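Heads up: the sequence shown runs through residues 0 to 278, numbered per numbering that gives the first Met the number 0.
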Amino acid sequence: MKIKKKNIFEKFHLVDKVDLNKFKTSLFNGKILIPHGFSSLLSLINEVEQYFLNFFNVSINEFVKDNSIFLEEKEIIQFQKSIKKSKVLYNKFIIFLKDLNFDIGDTYCDQMTIRFSPSIKERARGLLKPVKPHRDTWASNFQHQINWWIPLHDLSNTNSIFFIPKYFTKKVKNNSKEWNFELFKKGYINSSTPVSIQNFNLVDYKTKKINFGNAFCFSGNHIHGSNLGNLRRLNIETRTLCKKDVIKFDLPKNVDNYNLIKQGKWFKSLKDSKFYKND
Ligand SMILES: [Fe+2]
0 MKIKKKNIFE KFHLVDKVDL NKFKTSLFNG KILIPHGFSS LLSLINEVEQ
50 YFLNFFNVSI NEFVKDNSIF LEEKEIIQFQ KSIKKSKVLY NKFIIFLKDL
100 NFDIGDTYCD QMTIRFSPSI KERARGLLKP VKPHRDTWAS NFQHQINWWI
150 PLHDLSNTNS IFFIPKYFTK KVKNNSKEWN FELFKKGYIN SSTPVSIQNF
200 NLVDYKTKKI NFGNAFCFSG NHIHGSNLGN LRRLNIETRT LCKKDVIKFD
250 LPKNVDNYNL IKQGKWFKSL KDSKFYKND
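And the structure:
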């Protein structure tokens, strides 16, 4: 019998109306959704490109294609901090969420961050370092977390991020028991998130080349991590929580997270900037 391979990646376009229930049901079932052709998303990306050009005097495309262009780490960090503070970007992201029919009054969002991923021959510079396979839920402890990962240029197959969907609902050995956010902030541990301590089979790593203007939108329960290639990669990313999703959807179960502290203060209401109150 021929077993049909399940495609976990699913492109979707801005048609008349996005069916948000269908969107979230697929997402919490483990589908990795790829918004395509959203002008609101493009406008957000263009804004970051413009900031980058004004700040570094080089375009993102030039920077990622030419490994000889060197940027000082302290400047990278300064730029990353300015992206986190940008109200313009935050508002553009809200417009994109509105296109997806998100209930903005019920949505809480982490800061928007820009990640500089090095080529395989370079050391990582800046605030966010490449991470081994992990679930974001091991750190935040919210099973309804949605991750948004937006590249700032066309990707290649070797420098996209990877997913290990086989383990979406299966236990994975990890160090969530020992990891603690306060210890990370104080510099006692290096990793910004718990990571897996198990070796995965190479065939289980799934990746997809997506282009400028597209994004990955996926459950925070997916095992994922950084693939490094011959060229650098730049992306913006954030995470959201919608309070009502806890009761409205069948969320992925926590099967292997032993860090039981919920990080409500990572997420602020898009309506009134109040922190997410733990359910
Ligand atoms: Fe992550």
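Here a beta-carbon is modelled for each residue, glycine too, at the ideal position from N, C-alpha and C.
Keep in mind it's a predicted model, so treat the numbers as computed, not measured.
- I75 sits in a helix when the DSSP states are folded into three classes.
- When the beta-carbon positions are compared, I75 and F115 come within less than 8 Å of each other.
- Straight through space, the alpha carbons of I160 and H223 are spaced by roughly 7 Å.
- Looking at I260, H133, K84, N45, the one whose alpha-carbon comes closest to that of S195 is H133.
- As summarised for the stretch 60-112, the continuous beta strand (DSSP E) elements at least 3 residues long and confined to that stretch are 106-108, given in chain order.
- Scanning its chain for C-beta atoms nearer than 8 Å, with the 5 sequence neighbours on each side dropped, one finds around L259 the residues N140, in chain order.
- DSSP links R114 through a beta bridge to N234.
- Contact between the stretch 196-205 and the stretch 85-97 is not established, with fewer than three Cβ pairs separated by less than 8 Å.
- Of the candidates N220, S190, H221, G228, the residue whose Cα lies closest to the Cα of K208 is G228.
- Straight across, the Cα-Cα distance linking L230 with K205 is about 19 Å.
- When the beta-carbon positions are compared, I163 and E236 stay at least 8 Å from each other.
- Set against 7 Å, the gap from the CB of T24 to the closest heavy atom of ligand 1 is not smaller.
- Here the distance from the Cβ of H143 to the nearest heavy atom of ligand 1 is not below 7 Å.
- Counting only beta-carbon distances shorter than 7 Å to the non-hydrogen atoms of ligand 1, the qualifying residues in chain order are V130, H133, D135, N146, T192, H223.
- The Cβ atoms of Y275 and Y50 lie no closer than 8 Å to each other.
- For I160, the enclosing beta strand (DSSP E) stretches over residues 160-162.
- Proximity to T112 across K83, G125, S190, E121 peaks at K83, based on C-alpha coordinates.
- Residues V17, L19 of the same chain have their beta carbon placed closer than 6 Å to that of N100, with the five preceding and five following residues left out of the count.
- Within the stretch 125-190, the runs of beta strand (DSSP E) that reach at least 3 residues and sit entirely inside it are, in chain order, 145-150, 160-162.
- Nearest in C-alpha terms to N60, of all of K261, Y187, H152, G212, is H152.
- Distances from the CA of P117 to each of I44, N66, S42 were compared; the closest alpha carbon is that of N66.
- Inclusion of F215 and I7 in the CB contact set at 8 Å is not warranted, their separation being larger than that value.
- Boundaries for S58: no beta strand (DSSP E) harbours it, and the DSSP string shows neither H nor E there.
- Boundaries of the beta strand (DSSP E) around F215: 215-218.
- Burial is judged here by how many other beta carbons sit within 10 angstroms of a residue's own beta carbon; D249 has fewer than 16 and is exposed.
- Under the three-state reduction of DSSP, K120 is assigned to coil, being neither helix nor strand.
- If you draw a straight line from the Cα of F55 to the Cα of K64, it comes to about 15 Å.
- Judged by their CB atoms, V130 and S225 are nearer to each other than the 8 Å cut-off.
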